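Undergrad: After the structure tokens below, expect a handful of questions from me.
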Amino acid sequence: MSVESLKSPYEILEVSETASYGEIRKAYLQKVRLSPPERDPEGFKTIRKAYGLLKDSVQRKKLDFSLFRKGSDLGPVQHEECDFIALFEERIFHIFLASSDLYVEDFQNHFHDIVDEIRNLK
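Structure (structure tokens):
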């Protein structure tokens, strides 16, 4: 993986995140003059891709949001499997039962029968 692929489009074009379209276009043209496709095809592709992301306002908003998420440690959303059986056996039913007139032991005995049936379905 090259260093260029780790840079944001703003870093590649050397513009601020608040740069106007005119500033982005000016930076793009300067970079293309320094890395023309005949002399530096990979560099040109990188510059072109960065400009393509920043010139389109919709793409730029998506990019800004993804950069914000990376910078704020939110990162990409991870979908993890949840062990619902363990979750229900413990916390949720204790909270539910704390606000009801059912006895925890009676409910847990009934619930364990349901859990056993669910486990047998797997």
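Per my numbering, the sequence shown starts with residue 40, numbered consecutively. From the three backbone atoms N, C-alpha and C, an ideal C-beta is built for every residue, glycine too. Predicted, not measured: the structure shown is a model, and the values here were computed from it.
#1: Please classify Lys84: is it buried, with 16 or more other beta-carbons within 10 angstroms of its beta-carbon, or exposed?
#2: Answer yes or no: do Ser51 and Val71 have a C-beta to C-beta separation smaller than 8 Å?
#3: For a quick check, are the C-beta atoms of Gln98 and Leu92 less than 8 Å apart?
#4: Please report the distance separating the alpha-carbon of Thr57 from that of Arg78.
#5: Along the alpha helix (DSSP H) that carries Ala89, what are the first and last residues, could you check?
#6: Could you spell out the range, first to last residue, of the alpha helix (DSSP H) harbouring Pro48?
#7: Kindly indicate which residue of Lys94, Pro75 and Pro80 has the alpha-carbon position closest to the one of Pro48.
#8: Rounded to the nearest angstrom, how far is the Cβ of Ala66 from that of Glu81, given a contact under 8 Å?
#9: For Ser59, tell me which candidate among Leu160, Lys88, Ser96 and Pro76 has the shortest Cα-Cα distance.
TA: Working from what's here:
#1: exposed
#2: For the sequence presented, residue 51 should be read as Ile rather than Ser. Taking 8 Å as the Cβ cut-off, Ile51 and Val71 do not qualify as a contacting pair.
#3: In terms of Cβ geometry, Gln98 and Leu92 form a close pair [threshold 8 Å].
#4: Between the alpha carbons of Thr57 and Arg78 lies a distance of about 31 Å.
#5: Pro80 to Lys94
#6: Going by DSSP, Pro48 is part of the alpha helix (DSSP H) stretching over Pro48 to Leu52.
#7: Lys94
#8: That pair is no contact at about 19 Å.
#9: Ser96
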